[in-house]
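Number of protein chains: 2
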Amino acid sequence: MTAPRAKAPRPQGDVEALAALAKADMAAVDALIVDRMQSPVPVIPLLAEHIIAAGGKRLRPLLTIAAARAATSASTEVDLAGAMKLAASVEFIHTATLLHDDVVDGSERRRGKVAAHLIWGSATSVLVGDFLFARAFELMVETGQLRALGILAQASSVIAQGEVLQLTRAHDLNLDQETYLRIISAKTAELFAAAAESGAVGVSADEKTTAALRAFGLNLGLAFQLADDALDYGGSSETLGKNAGDDFREGKATLPLLLAVARTRGREDAFWERTINKGERTEDDFRRARELIIGTGALTSTLDAAADYADAAKASLQVLLAGPWRDALEGLADFAVSRAT
Amino acid sequence: MTAPRAKAPRPQGDVEALAALAKADMAAVDALIVDRMQSPVPVIPLLAEHIIAAGGKRLRPLLTIAAARAATSASTEVDLAGAMKLAASVEFIHTATLLHDDVVDGSERRRGKVAAHLIWGSATSVLVGDFLFARAFELMVETGQLRALGILAQASSVIAQGEVLQLTRAHDLNLDQETYLRIISAKTAELFAAAAESGAVGVSADEKTTAALRAFGLNLGLAFQLADDALDYGGSSETLGKNAGDDFREGKATLPLLLAVARTRGREDAFWERTINKGERTEDDFRRARELIIGTGALTSTLDAAADYADAAKASLQVLLAGPWRDALEGLADFAVSRAT
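Residue numbers (my numbering), protein chains in the order written: chain A, 231 to 571; chain B, 231 to 571.
Structure follows, in structure tokens:
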């Protein structure tokens with residue numbers, strides 16, 4: 231992670247193959263999500279629909295379903311009812327954290343729409359988040375899968391701790407890489423790991439398979455987050471990512487920035503001090519930061535780290551039986567990185 | 231509930247007898263609470279300690295323990311380990327809702343201290359609430375009691391729905407009594423009910439006992455909330471309660487106010503419209519509102535309703551074996567009302 235390396239060209243990968251395989255399963259999960267976000271208090275389904283129906287890729291519940299399918303690819307008859315409820319729970323937990331994050335960060339947009347708290351107020355957003363979180367646990371209880379409950383309860387507490395850690399260290403240019411990885415591992419990768427693991431547990435997979443799918447999820451989550459952090463400075467190409475600059479505008483200490491700060495120590499300290507610590511930033515400053523991040527190889531190093539995690543994710547799948555589900559999961563791991571390069 | 235009634239003097243009751251009986255059990259619950267609110271992220275235990283160690287009466291976990299003890303009063307050897315974890319979970323859920331409520335309401339004080347969000351910020355308060363909520367579910371999973379998990383998961387979703395309902399109807403003078411009771415049943419009484427029920431389930435009580443303890447908790451919670459709402463207008467005596475006037479200052483539509491509005495229809499409409507709907511309130515207005523609430527018998531009617539629920543709570547205990555725990559729970563029900571008269 232310290233210096234740019236020459237690497238063989240990486241496979242592109244995609245999420246489409248997996249989405250196509252899981253289409254019928256995910257339609258059932260979506261129906262469950264819509265059914266269980268209902269409440270006699272009218273604003274709750276309204277707000278929930280605004281954020282959930284807006285879609286997004288449903289990557290986490292997709293991972294739960296894919297893990298359940300990949301773990302049972304040798305079976306002809308698989309009962310996915312439990313895994314589907316767990317997948318819906320995962321999406322509810324994820325949505326609850328998004329609602330609370332947007333209040334916490336004062337974000338203005340989410341999934342291409344106006345953030346819910348700007349329409350219904352912060353109070354309602356916080357409380358509907360609480361409702362979705364509680365509803366997730368109600369759904370999990372229905373599965374009777376105490377072990378899956380434990381996995382997702384623990385993931386929820388790890389996520390909250392990661393969010394608080396990020397909040398207290400977000401603008402800290404002295405953040406070490408280890409702490410940065412601890413933060414993204416907790417706030418992002420843990421739910422990917424729990425999503426995949428609970429899918430395996432939901433179909434009573436053996437321990438080796440369950441551990442492999444958890445490892446896949448964790449590494450995939452790290453790859454996704456690192457690639458996201460790189461995308462914010464425009465990927466490795468000269469074309470900017472679609473939301474480029476948001477992290478910089480918020481003064482967030484992500485890996486590309488931390489590496490660039492370290493690599494320009496002694497000559498750009500005043501620039502970083504002003505733009506990140508003091509929060510005095512212009513659009514020109516973003517362009518300059520981006521030049522430094524690309525010029526020092528910080529962006530390449532971040533993408534290399536993402537690629538390493540994607541490779542680790544793929545490697546952990548090797549204990550599973552070969553087949554279309556395993557192939558599609560491999561494609562997803564490649565996609566995590568390729569979308570940012 | 232429509233007109234003041236002449237009633238026999240009520241027993242005073244107290245919470246001390248129950249607290250004394252449960253002293254050793256509650257010390258163990260407290261130790262568990264402190265142990266499980268720890269986190270490597272320093273601000274989490276700091277904030278949690280600020281609100282949890284500030285104490286309060288620990289009424290809800292006390293109810294869980296008392297229910298477990300009352301349900302097993304005929305047994306010589308009782309394993310309370312599970313019930314204690316459930317009691318700690320109940321306190322974590324309650325604390326999480328307090329943290330979120332104070333952010334939502336912008337409250338300045340809680341349990342005699344400055345509200346956490348004014349010290350650590352709203353963002354941290356929301357996220358530490360999320361952490362405590364997740365930690366509650368982790369603790370519940372450890373008990374292996376899927377049924378207790380279901381009870382507390384459902385209570386959590388009912389509470390969140392009640393909070394949202396209150397938020398959308400809080401300043402509505404046309405709120406009907408049925409909706410008001412639905413709100414306080416959801417936001418307050420449901421956790422009392424779940425606390426008592428999960429205590430019974432935690433010691434594998436029979437169905438009749440479990441249902442009786444749930445009914446006790448629900449009615450007790452309603453009695454407590456109605457008495458709280460009365461206390462805000464100074465109780466039935468001429469001396470003011472310690473936080474008197476807060477509900478009025480926030481324009482909250484509680485039962486004493488709703489009854490007074492209904493009983494002065496046609497002659498005080500402008501006053502209520504200005505002070506509640508428009509939110510233009512002076513200290514003189516509070517004194518006038520209080521006079522109207524006392525003068526129309528709205529306060530007495532509210533306390534009568536509280537007394538009816540306290541009596542229902544006591545009646546539901548009759549299926550339990552007589553003994554010191556049942557006596558102490560009866561004393562608690564009486565105390566719910568007597569502290570406000």
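From the three backbone atoms N, C-alpha and C, an ideal C-beta is built for every residue, glycine too.
On a predicted model such as this, the values are computed, not experimentally measured, just so you know.
When C-alpha distances from B/Asp458 are compared across B/Leu443, B/Phe446, B/Leu485, the shortest belongs to B/Leu485.
Counting only the Cα atoms, A/Ala400 lies some 8 Å from A/Gly481. 7 Å or more divides the Cβ of B/Ala298 from the Cβ of B/Val431. Rounded to whole angstroms, the separation of the alpha carbons of B/Asn404 and B/Phe501 is 15 Å. Val358, Asp360, Phe361, Phe363, Ala364, Arg365, Phe367, Glu368, Val371: these are the residues of the segment 358-371 of chain A whose beta carbon lies less than 7 Å from some beta carbon of chain B, given in chain order. Residue-level contact by beta carbon holds for A/Thr398 and chain B, with a gap shorter than 7 Å. B/Ile349 sits exposed, since fewer than 16 C-beta atoms from the chains shown fall within 10 Å of its C-beta. Under a criterion of Cβ atoms nearer than 8 Å, the residues of chain B adjacent to A/His330 are, in order, Val356, Leu357, Asp360. By the C-beta density criterion, B/Pro272 is exposed, having fewer than 16 other C-beta atoms within 10 angstroms. In this structure, DSSP gives A/Val344 an extended state, which the three-state scheme calls strand. Here A/Glu368 has no same chain residue with a Cβ atom under 7 Å from its own Cβ, once five neighbours each way along the sequence are excluded. Per the Cβ contact rule, the segment 342-361 of chain A is not in contact with the segment 299-307 of chain A (fewer than 3 Cβ pairs under 8 Å). The DSSP-derived three-state label of B/Arg444 is helix.
In this structure, DSSP gives A/Arg497 a state outside helix and strand, which the three-state scheme calls coil. Remark: three or more beta-carbon pairs, one from each stretch, lie closer than 8 Å, so the segment 262-282 of chain A and the segment 390-399 of chain B are flagged as touching. If you draw a straight line from the Cα of B/Met370 to the Cα of B/Leu292, it comes to about 17 Å. Every unbroken stretch of the alpha helix (DSSP H) spanning 4 or more residues and falling wholly within the segment 304-343 of chain A is given here in chain order: 311-335.
Around A/Ala445, the same chain offers Ser546 as residues with beta carbons nearer than 7 Å, after the five sequence neighbours per side are excluded. Contact note: B/Ala353 reaches chain A through Val334, Leu397, using a C-beta cutoff of 7 Å and chain order. Residue contact with chain B for A/Ile274: present (Cβ-Cβ distance below 7 Å to some residue of chain B). In terms of Cα proximity to B/Ile381, the closest of B/Phe516, B/Leu411, B/Ala313, B/Glu427 is B/Glu427. For A/Ser531, no chain B residue has a Cβ inside 9 Å of its Cβ, as the nearest lies near 27 Å away. At a Cβ-Cβ threshold of 7 Å, B/Ala474 and B/Val320 do not count as neighbours. For A/Leu248 and A/Lys287, the gap between their C-alpha atoms comes out near 11 Å. For the segment 411-425 of chain B, the set of positions with a beta-carbon nearer than 8 Å to some beta-carbon of chain A is empty.
A/Ala528 places its beta carbon 7 Å or farther from that of A/Ala563.
One thing to note: B/Val567 has its Cβ within 7 Å of the Cβ of B/Ala453. Taking the beta carbon of B/Ala390 as reference, the chain A residues within 7 Å of it are Leu357, Asp360, Phe361, Ala364, listed in sequence order. In the three-state scheme derived from DSSP, where H, G and I count as helix and E and B as strand, B/Gly525 is classed as helix. Taking C-beta atoms as the reference points, B/Phe422 and B/Ala366 fail to come closer than 7 Å.
It is roughly 12 Å from the alpha-carbon of A/Ala254 to the alpha-carbon of A/Leu310.
Chain-ordered, the chain B residues with CB closer than 8 Å to the CB of A/Glu393 read Leu357, Asp360. Around the beta carbon of B/Lys315, 16 or more other beta carbons lie within 10 angstroms, which makes this residue buried. One Cα belongs to B/Ile506, the other to B/Val491, and the distance between them is close to 10 Å. When B/Leu328, B/Pro241, B/Ile389 are compared, the shortest CA-CA separation from B/Arg340 is found for B/Leu328. For B/Leu443, the closest of B/Leu379, B/Gly496, B/Leu551 by C-alpha to C-alpha distance is B/Leu551.
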